[in-house]
Every structure is written in structure tokens, then in C-alpha cells.
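For reference, the structure is listed below as C-alpha cells.
There are 2 protein chains.
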Amino acid sequence: MKASNGTPLTDMANAIRALSMDAVQAANSGHPGMPMGMADVATVLWSRHLKFDPAAPAWADRDRFVLSAGHGSMLLYSLLHLTGFEDMTLDQIKRFRQLGSITAGHPEYGHTPGVEATTGPLGQGISMAVGMALAERMLNARFGDELVDHRTWVIASDGDLQEGVSHEAISLAGHLGLNRLCVLWDDNEISIDGPTELSESTDVLKRFEAAGWAVSRIDGHDLAAIDAAIEAAKTSDQPVLIACKTTIGYGAPTKAGKASSHGAPLGDEEIAGARKALSWEHGPFEIPDPVVEAWRTAGAPDEHVAWTERLAASDKADAFVAQLSGEPGQGELTALEAWRQKVAEDKPALATRAASGKALEAIIGEWPALAGGSADLAGSNLTKTPDVGVVKAGDYAGQYIHFGVREHGMAACANGMSLHGGFRPHVATFLVFADYCRPSIRLSALMGQPVVYVMTHDSIGLGEDGPTHQPVETLASLRAMPNVEVIRPADALETAEAWEMALKRLEGPTILALSRQKVPHLRDDNGRDNRSERGAYILADTDRTPDVVLIGTGTETALAVDAAAALKAEGIEARVVSAPCLERFQAQDAAYRAQVVPAGIPCVAVEAALRFGWDGIIGREGAFVGMTGFGASAPAEALYDHFGITAKAVADAARGLLKS
Amino acid sequence: MKASNGTPLTDMANAIRALSMDAVQAANSGHPGMPMGMADVATVLWSRHLKFDPAAPAWADRDRFVLSAGHGSMLLYSLLHLTGFEDMTLDQIKRFRQLGSITAGHPEYGHTPGVEATTGPLGQGISMAVGMALAERMLNARFGDELVDHRTWVIASDGDLQEGVSHEAISLAGHLGLNRLCVLWDDNEISIDGPTELSESTDVLKRFEAAGWAVSRIDGHDLAAIDAAIEAAKTSDQPVLIACKTTIGYGAPTKAGKASSHGAPLGDEEIAGARKALSWEHGPFEIPDPVVEAWRTAGAPDEHVAWTERLAASDKADAFVAQLSGEPGQGELTALEAWRQKVAEDKPALATRAASGKALEAIIGEWPALAGGSADLAGSNLTKTPDVGVVKAGDYAGQYIHFGVREHGMAACANGMSLHGGFRPHVATFLVFADYCRPSIRLSALMGQPVVYVMTHDSIGLGEDGPTHQPVETLASLRAMPNVEVIRPADALETAEAWEMALKRLEGPTILALSRQKVPHLRDDNGRDNRSERGAYILADTDRTPDVVLIGTGTETALAVDAAAALKAEGIEARVVSAPCLERFQAQDAAYRAQVVPAGIPCVAVEAALRFGWDGIIGREGAFVGMTGFGASAPAEALYDHFGITAKAVADAARGLLKS
């Protein structure tokens, strides 16, 4: 098989192999085996099938390529270099895995043009790809083939398929009939520890068939077979798995087919042997001109031109561009503000999950890009708004997805939808089950994707379900994560503000921690300003310098308000600070922080969770009313009493601080 | 089908249904649908097959029964009550989901005799059951059929099978040929949101076959079919899945077969209708004597008696009892101490992961109960000690398990092994991938299971793999969890101490956070005392009252030592505190804490992670040298420089505090 200039595709593949082994050797670190093994498959895909334009990495209608096996990053960097992505210079390849290069150890989204998703944590890539393929169909349902008509391609490893999240993702893809998705499985029978048979006996093709996928098996070094399988995949009405039987480290004289080629440099001697075996007579990092020329014909810039013309001519162009941007437009902002002011006026006493549902209901009609779902807790999370359309196989016009009991796959899917563009995904489960999707939340944060996590039943307030379902450490564990904002609103108005903050935030994910149980309405202002936006603010102040500052979050803010009233009756002046978002508050300037929580005045914080992380706000000397360990199974009111999280306890803590 | 006293099994099953709907109604909270749907299956299993003795819930050779669908807890509580578990009185059933009862919302291990595992977080039960079935075979390989010859039975829901961890668990079970494991899948086609077809299209039987399981499908209300399928399962040479087609809420006149019977009380009228439909003419919580009598013949107390006699006669009795206890005996304690003293003498400069490998190697020969493995990172985690036997299908005599890239399934499996008894499991991966198994770590903590998590590559010190692989928030997220101890040793001697602490700790899990990179040996004492045991201690002190206290953990402790030397040259006296375990230190009495970190002396902490959680130790006014966000891809030394985590930075921070 040859490129249009007569260069054999084998030479083009060998260019990938050479760059990969040279770069890993230069870095003295990395994974040469996978790029060498999958070079043939990648060459056929990228040179003959993938729809992309190296000059426009962000072209909306490009095919998406996800290297789920992110450790083989040199495969992707080689492809980006060879096909002519401007930033991916040979110098970058030579600085593989060095500080400041765009050739990081694993592909990083936002760091390297052409990288569609950050991968490396296994299973995430294939699962995000499901979200991309879903977003493509959903966007297609709205804008038609003329603007949205592309595919999602994945290279996945054995490890990707061993990870549990892959099960959630592939069963979701099968269920939703995402036939624009094709996974090329690098079936090399080698894992880090040795032959995959050390830990694996699964019939992978049968597994995917069971999940509703079309499957085929090919020799991953037979160019014609690869080409035919990929061509066939394009006409499938199911998602497609192609098992590519490959030799890891293909070409390496003694390490090919062995774990020793997986995750370490081959060594100079082995590399020399590989050059010989591959008949690649060029020096390190040297690619002969005909091979470069052949690679530069890859891609479909002409299709990009045609698409740009179609977009310009389309009466949906403005809507398309607006929806792709991900930013709230004037209509959305107005809807959010109007809702905030309406809540301020109505002062409803609702569980914050219910207030969240109402907020979403108020704005979803204005915001076609809002789409999401819950992990089989629609009636609990309350994000399935009335009349919302449900996304189904073959019918992708809706805005609601029944994700099933698949928290991890759901979060990864949301990342994929967000990366794809066109949607602001929201996903929902109980707060405690953030643990089930934590690796994907981490990727939302690392990739800067503004996924909204709607996490209800946020404390012992969920009651009878007991300690397995009661988060006590979950808030702290999420607040600990960089670039995540956890917002735990105190009432319906703060909940409206929280949604506004979440949707206006574009640089990373937001977690809304919402209550099962009802809360009183606490705010008496007109809702003209979003007071939650600085993370914490004075909810109720004293006439003189306060004796004590009471800080509450979420459902416990009401306890602080009650405690302040009790203390006032004794002549103790307590300021009440509502702190829906500690991260935001700590990011404010020192002056604002000192204005809200002044130095030298004793502090009591109340939150139905552990103290861990609170000392940064209230100091070691501050008092904390909350949990000290796991919860228990009982009605919510009984639990609050049992664990001593009451207005009386808050007042007592204040009295204790003032006495000492 | 009838019990020996002539009572129809249908009546016995109806007793479960009645208790379940009555208890949920009384609690006004809970899940009646599943117990009512699976009552027939459970009745056949418990009355005709399950090997147990209600008078001895802890009998070592009992069959294990795991209710993976833990929300159906009333099924299990009904069974425990009806079969005569002493603690499970009718009064407890009536106090379902109330404070202080043993009938918690979800089954809780350690809280309720007869509950083999805490379940409710979906997917965990079936995955722990794999660990139990594995432990049974491994113990059998050591003590033979006469002492170890039992089965593990699971009732699992659709949700259990949707969760990703179930994929990891079932593929591991298939690979290891765990034919003593039988999963009864409640195939009721109903999830919380409605019909499972809303989110699921998987061919479940084909899926399990692909994973190496034997499968069958039955009508879950046909007693003879249930009996035959269970009987057949006992002769399988593979793990077995029995799909039991059931009607959720069986008997309820209008809610049977519907999501409305899943997770809410049926209501008085519906319950009355169900009584009628089931021909159950007894009042709430009333069980007629013949039904009670029939149930009381369930179980196998005679087999328990025979087993006790075999144990008494066995020459392996002492070894068996010792191995089951889980506690380190004198031999183990001596080996740990000897190793500690040897390290103190040798003063090796090793990566702490390497020091960990050596420690494990030194003690594993003394400790037959130690068994574990890694998620395909044997050569990185270094827990595969030389000459250790590998556990394989049909050959369970080894102590090492190749878990594959299945962190979540691995941790759940370890919980199951620990719950089963006979093994102190250790499991290993990179620290950052603690996120992948976090729901199972939480269960280790909640159930008080002393699983040892060996988490290597514990910081940016892992270098080139980059931010996806570099934990920065992971230490904080684990320290936040109740009943978990995170130990991050500074050198080989502290690593020996850390293993000793982990293995002596019986009340919960320990996480060892270990370095990829080499560290100097810091301690010059004779290793006679385990100095890490109090969490933090004075590693190097000053002659007079210190000007500043420098606190380090893990690989950064050496930076604190170097900083102290630099400061001393300027006349600044710095105490160095090594703090391998913050949780232990914070649990010490105030006097010890004040002795190590005195009030009023400025503190600098250094850890290549985020500050979150440290203010409790160093105060808001303390200085922290560490990370402020995600890491980057580069060689480790370059990263430490880039992020400013150096001895110079520590000294500068100390100077800054002393100036202000």
C-alpha cells in the first residue's frame, strides 16, 4: 500500500517507530513498545481515513482521535509532527518529557494542539470518546449533516479494557447505538507485568458483542486488512471494535513481543538492531523527504474548506457558533439573573436539590447547550426537568441522558462531551458516590473542563440509608483537588447563585453539593447581586464589632443563624458568615477575607462533615461543630441530634471559645 | 416444594415478603421491592443449600452469603431473623433503619452478626465476594478440604452489574477459575429510574460467558428451577451466574413489576392487597409457628459440629487458628523488629518503595497470612518478593496475585479476603490511582478491615509521567477519610517502621505512600524503638529552644534536614520533625503534640503535595513549602526545582517567618 507520491505506507509507519524509539531514548524515559506496535494501524487510519486539517486543530467538524493508551504518547506526537501540526516541531519531539515541552509524558489536552483529551489514566480515553461520539450525534441532531458529520476513533490498550470504567462506557455506547465510534484495540498480549495471560482470560470480542458492538479481528501489521476493517467500520450501525493483533515493539530485534519493550528505552544497541530490521537507514530523528511529503498529504483540508463554506451559507451559523463556544450568552445570563431575583422574591423553603431542579428548569429552555443526566437517580437528583427530551439510540435531539448506574462512565462521558464542544454537560449522583467517578473529576480539573457535577444527598441529612451513603469526608476530598470548586448552598437563593457561578465558570468543573432535606430561606435581600460569588459573605451582622464569628455552609448555615439569635439573647454578638464555596473565599484578596472573617475574633464553623481542611479558615484555635467519623442509619433529625450538630452546639462552642 | 415439617417453601418466602414490607412501612423508608422479588430464590438458597449455623455466625467453614444489592437489606435481616440468629430479634426488625438498631438501612459488617460485608454502594458486594471465594481456595490450598470447603453466594442487582468494578471483579474471578462462587442475579428489569431498558441493552449472560463464567437462566419464582440451578452450580468448574427472572415487589397488587416498589414504602393499602394476593393472612410482623419452625431447620449445625471435631483432631489446628486470627504472632513481631534493627544498622539509601520491598521480603516467609499483589505494576510497586508463589486458576498455594489493571476490583477483592479471614491482604498501585479504588478504600475504613495499600510513586518525584500520574491532592484526600492511616516514610528505617505499624494495626486500613526516587538514610539511632509509631517525632533537635520547627514527610524530610543545617550556619536553631503519619500524631495526647511541635514557635512544613489539611498542624500562620496545583512532565529533579520544593525554599520560608 502506497501514498500518492509512491511512498510505501510501511515507510511512513517506520517513521513513527523511529521517532518513538529515538525520542524515548533521548528522554531516557517513556514507552516505545506501543507506538512501534500500532504504527501500521495509526498510519492507515491517519493517512487514509481520519478527517482533519493540521492547519486547524480546532475545526469543529474534524474527526476526533483519542489515544486512550496515553502512555504511547510518542505515537500521537509522531503523527502530529509528521502530518504537519505547526507547534509539533522536531525540536519538541527531541525534548520529549522535558520541562516546558509540549511533548509531555502523557498527552495533555490544552497543552498540545492536536491532543483531543488528556489520557494516561487507563480507561479514561475510551470512555471520554463515548462522550465525544455522543456529542457528535447530539449536535448532528440539532445542526444536520452539513455542519456535523464526523467520527471518533480510539486506540485502546489491554489495560484500558481491564479498567472498570471501560465496561460502563462500552455498555453505554452500545445502548445509545453510537455507530460513529470505532475503537482500535491494540491486542498485543503484553502488559507491564508480562504476558496478559498473567491476569486476563476474557474473550474480548464476545464481551463487546454482548455490549452491542460490531467486532472484527485483524492482523495489525497487514495494511490492507487494516484499511478494509476501518472502511467497514464506517458503514456499521453499531459502535465498532477492531481487535488489531500486533507485536509490541515491532522491529526491535530482541525485545519485540516482550514486556521489556513496553515502558523503558530500548537502548542504543536494540535501536540499531531495529533500524536494521526495519530497513530504516536514517539517523536519529531523521525523516527522509519523500516520507515527510507522503505524510503531508494526510488529512482533509479541502473538506475543511467546503465545510467552512457550508457554515457561512447556513442559516444556523450563528446558533452553531454560539452553541460551540460553551460560554453563556446574553440570553443565558439574563435568564440566570431573572431566576435569582425571582427566588429572592418568592423566598421558597426547599431542599437545595429541589431548588437546583427549579433553577435548571428555569434556564434549560434558554440554553440548548445544557445537557446531562443522572446515574439512575433522576427522582433524587432532580436534574430531569419537566418536558426535557430523553436521548435514545437513533434519536439524539433530547437534553437528558439516562446514564444508568455508571457514575464513572457518566463523568468520563461528560468530559468527552465538554471536550467535543457544543455542550455544557451536567451529571448527577449522590455526593458520596463522587468517589466512584473521582478519576474523571480529576481529569475535568486537569483539562479545565467546566462540567457541572450535581451531587445531592450531601450529608447525614440523607438519613436512613446510613454511613455507606453519607458523605463525611467527601467535601474535603473534593476541596483538596486543584481547579475544582465545591459549592454547598444554604438555601434556594444561594442555589440559584451556585448554578450561575457554575455556568459562568469556564476554566474547570464545579461540584454542587445539595441537600436531600428541606432548608428555610435565609436571605432577605433582593437578589440583585450574586452574593455567593466571593465564596463567603456576611449573612447577618452585629451592630458592633462581633464577639464571635459563626461560619456555616449548606444546610448548617441555618443552625448558625439560630445560634446567633440564642447568643444575642445573652448579650453575645455573633456575626453569621455563609460560606458556600471555601475555594472561592480563599482565592479572594486578603482585605476581603479579613473583612468577612477578621483576625483576632474567635470563629466557630458548622458543617455536617469532618473538620479536615477547615483550620485554614478558622485556625487551629477555632471551634468546629460537625462530624468526627462515619455516620449512621436513622432519620435525619435523629442523626443531627445524635452527632451533636445543632444550633445549641454551635452556641455552646461560641460560649466555650469566649470563656477561654 | 416443602420444608421437612411440611410447610410450603412459598410460605417461607412469603414470611420474608411480609417482614420486608412491614418493616419498610414502619420505618417509612427503605426498599421493599427487591426482598419481595428475590424471596423465593433466597428461600431455596438458605433453606436447602447454604451451609451455616445460626448459633455460630463466625464459623470459619461456613458458606459466605453477600447481599450485593444491599438496599434490599430487609431480605437479609428477614433471613437472619427467621433462621434464628440470636441478635436479630423481631424487635430489631421493627426498629428497621432506626438509631441504635442492628437493622441499618444497608447491611453493615461488624454491626450485625450474620452480615458478611457492608454493601449498598453498588458493585462492591459482588467484588468482595470474589475476594472471599479466592481466600477460600487459598486457605483450602493450605489446610485442605477437611478444614476449608465452602462456597460464596451473592445476590446482585442490575445496578451491581452496571458498575465498572463488577467488570474487574468478574473478569478476575473467571481468570482465577473461582468455581466456588455463585452469583444469583436479580434480573427484574427495573431500576430506580424505571425499566432497565432506559439505560441498558447488554446481553448479560454473554458478558459473563466472555469472562469465563458458566451461566444459566431461570424463572426466579419457580422453586424447583431455582433448586436445580443452584444444585448444578455446585458442580461447575467455573464461577456461576444464574440469571433469575423475577418480578420486583412480587405480590404487590399495583406496584409489582414497577419502579414504584423499588425504594419507597408500599403504603397500607398496597400492603393489604399484597397480603391478600399472597394469601398471607397474618398481621404485621406476625409469623405463624409452622413457618418459623420450618425456617429453624435451615442451616447445617451438624456440619459445624463435625467440622469442629475435625479441627480438634487436625495437626494443623494451631496453624489454622493462628492464620485465621489476622493478628501478628510472636514470630511475626520478632521478624518485624529484627528487620527494623537490621535496617538501622545497615542504613541503606533506597527509594522507600525499594525499602518497602525489602521489608516485605524480610517478613513474608514468617507470615503465611500475608498475601497480595499489584495492579500490573509489580516491577514498580516492588511487592512481588523474590520466590513468592503466584496464585493461578487451580493452583492457589501462592501468596502473590497478578491483579491486572484493575485497581478497584483489586481493592474490593482485598476487602473480601480480609473479611473472609485467613489473610492480611496487601494491594499495590501508584498513589494517584488510589482514586480508582477509593470506594473500596472507604469500605475498608468503614468495615475496619486492615488492608495494607502499598501506594508508590507518591509525588512529582515520579517525574516524566506527568500530572496525570503525580498525586498532589491524593495524600489530603486519603487523610480526610476516617479510620485510615496514611504513612509516608522518610527513609528505609521509617519504611520498616511503617510496615510494622500497618501490620500491627487491626482496626482499619493503612496506606503506605512510597517514593519512586532514592532517599538518603536520615536516622542514626539503633532502631530499637519504632519512633514513627506516634505519627511524628523530633528527628534532629537543637541545643536550646528552637527558633523554628521544620516538619517534613517522606522524601521531603531530607530537605528539612538540609535546611536546618543551612539555618544553623546563620545562627538560626531549627528543630526537624519527621511526620510520617499525621493522623497518628493528631491522635496523640496534647502533651506529646506540644512537646514535638510547641505552641508559639513558628513552623514550616514541607511536603511535595498541597497544603490542604496542614493548617491543623502548622496553623494558618505557618509556612508551607509544597505544591499549589497539578504537576508537570519532566525529570524529578527538574520538577522539584521548578515547583520550588528545595532545602533553600524551606530555609527561606523559615527566615521569612522569623522576620515577620
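First to last, the sequence lines map onto chains A and B.
Okay, so the first sequence: first residue is -1 according to my numbering, each after it adds one.
Okay, so the second sequence: first residue is -1 according to my numbering, each after it adds one.
Note that beta-carbon positions come from the ideal geometry of N, C-alpha and C, so glycine has one too.
Within 8 angstroms, do at least three Cβ pairs link the segment 471 to 479 of chain B to the segment 335 to 350 of chain B?
no
Would a check of beta-carbon distances place Tyr590(B) closer than 9 angstroms to chain A?
no
Below 9 angstroms between beta carbons: does that hold for Thr110(B) and Leu78(B)?
yes
Rounded to whole angstroms, what's the CA-CA distance from Thr8(A) to Ile14(A)? Just pull it up for me.
10 angstroms
Please classify Ser513(A) as buried or exposed, where buried requires at least 16 other C-beta atoms within 10 Å of its C-beta.
buried
State the Cα-Cα distance for the pair Ala275(B) and Ala254(B), rounded to the nearest angstrom.
11 angstroms
Cβ distance (whole Å) where Ala131(A) is taken to contact Phe421(A) below 8 angstroms:
Not a contact, Cβ separation roughly 13 angstroms.
If the cut-off is 9 angstroms on Cβ atoms, which residues from the segment 442 to 472 of chain B count as contacting chain A, listed in chain order?
Ala443, Leu444, Gly461, Glu462, Asp463, Gly464, Pro465, Thr466, His467, Val470, Glu471, Thr472
Compare the C-alpha of Ser378(B) against each of Leu368(B), Ala353(B), Leu264(B) and name the closest.
Ala353(B)
Selected residue, minimal CA-CA separation from Lys657(A), among Arg178(A), Gly617(A), Ile570(A):
Ile570(A)
Roughly how many angstroms lie between the CA atoms of Pro105(A) and Val470(B), to the nearest whole one?
19 angstroms
Determine, using beta carbons only, whether Val39(B) and Asp184(B) come nearer to each other than 9 angstroms.
yes
Candidates Thr553(B), Gly297(B), Val546(B), Gly396(B), of which the one nearest Ala564(B) by Cα:
Val546(B)
For Thr117(A) and chain B, any beta-carbon pair shorter than 9 angstroms?
yes
Does the pairing of the segment 207 to 222 of chain A with the segment 17 to 31 of chain A give three or more beta-carbon distances under 8 angstroms?
no
Given that a residue counts as buried once 16 or more other Cβ atoms are within 10 Å of its Cβ, and exposed if not, what is Gln468(B)?
buried
Distance between beta carbons of Ala561(A) and Ala652(A), contact taken as under 8 angstroms:
7 angstroms
Going by DSSP, what residue range makes up the beta strand (DSSP E) through Tyr398(A)?
398 to 400
Return the CA-CA distance between Arg526(B) and Arg338(B), expressed in angstroms with no decimal places.
8 angstroms
How long is the line joining the alpha carbons of Ile701(A) and Gln160(B), rounded to whole angstroms?
No answer is possible for residue 701(A): the residues shown for chain A start at -1 and end at 658.
Checking the sheet assignment: what are the DSSP bridge partners for Pro423(A)?
Ala369(A)
Quick one: which chain B residues come within Cβ less than 9 angstroms of Met19(A)?
The contacting residues do not exist; Met19(A) stays about 16 angstroms from chain B at best.
Report yes or no: do three or more beta-carbon pairs, one from the segment -1 to 8 of chain A and one from the segment 257 to 265 of chain A, lie closer than 8 angstroms?
no
Nearest candidate by alpha-carbon position, reference Ala53(A), set Leu65(A), Leu80(A), Glu405(A), Lys390(A)
Leu80(A)
Using the C-alpha atoms, what's the distance from Ala511(B) back to Pro578(B)?
9 angstroms
Do Trp497(A) and Leu239(A) have their CB atoms nearer than 9 angstroms?
no
Quick check: what's the CA-CA separation for Leu113(B) versus Ile643(B)?
A small fix is needed here, since residue 113(B) is Val in this sequence, not Leu. Approximately 48 angstroms between the Cα atoms of the pair.
Per-residue DSSP class, three states only, for Tyr590(B)
helix
DSSP state of Leu451(B), grouped into three classes?
Note that residue 451(B) is Tyr in the sequence shown here, rather than Leu. In the structure shown, Tyr451(B) sits in a strand (DSSP, three-state: E or B).
So, does the CB of Ile228(B) fall closer than 9 angstroms to a CB anywhere in chain A?
no
Would the beta-carbon of Ala67(B) fall within 9 angstroms of that of Gly162(B)?
no
Closer than 8 angstroms, Cβ to any Cβ of chain A: which residues of the segment 477 to 500 of chain B, in chain order?
Arg477, Ala478, Met479, Pro480, Asn481
Could you give the DSSP three-state label for Glu84(A): helix, strand or coil?
coil
So, at 8 angstroms on beta carbons, what are the nonlocal neighbours of Arg591(A) in its own chain, with the 5 sequence-adjacent residues on each side left out?
Phe583, Gln584
For Phe283(A) and Leu88(A), believed in contact at Cβ under 8 angstroms, the rounded distance:
6 angstroms
Just confirm the distance between the C-beta atoms of Leu429(B) and Asp385(B), as a whole number of angstroms; I'd bet it's less than 8 angstroms.
At roughly 27 angstroms, the Cβ-Cβ gap does not stay under 8 angstroms, so Leu429(B) and Asp385(B) are not in contact.
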